[in-house]
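Step one of this worksheet: look at the structure below.
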Amino acid sequence: MKTYVSTSGKKSGVIAYEVGNDFIIVKFNTGKIYKYTNSSAGKHHIDNMIALALNSCGLSTYITKHKPGYSSHT
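Numbering of the sequence shown is given in the UniProt record's numbering, commencing with residue 1 and proceeding in unit increments.
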């Protein structure tokens with residue numbers, strides 16, 4: 001997983017992520033890891049979440065605001 005460091009200067013709820021063609025796996029500062037896929041969250045959300053992760057800005061806020069579907073990931 002790639003470390004997520006927010007460029008906004010604020011502490012993020014996300015600490016790491018991993019992206020694939022149709023998914024993003026997000027590790028939160030609580031230690032929980034969730035996998036968001038095109039099937040569970042929708043392609044639009046996955047595309048947005050990947051872009052936010054790669055830009056290191058707004059991923060945690062986006063997830064909180066839009067509440068995309070996910071599956072637990074271990």
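By construction, the Cβ of each residue, glycine as well, lies at the ideal position given by its N, Cα and C atoms.
query: Would you give the residue range spanned by the alpha helix (DSSP H) that Lys35 belongs to?; result: No alpha helix (DSSP H) holds Lys35; the beta strand (DSSP E) holding it covers 33-37.
query: Would Ile24 and Ile50 be called neighbours here (beta carbons separated by less than 8 Å)?; result: yes
query: Looking at C-alpha atoms only, which residue of His66, Lys10, Lys2, Ser40 is the closest neighbour of Val26?; result: Lys2
query: Could you tell me which residues DSSP puts in a beta bridge with Val14?; result: Phe28
query: With DSSP collapsed to three states, give me the class of Ser60.; result: helix
query: On the criterion of 16 or more Cβ atoms from any shown chain inside 10 Å, does Gly58 qualify as buried, or is it exposed?; result: buried
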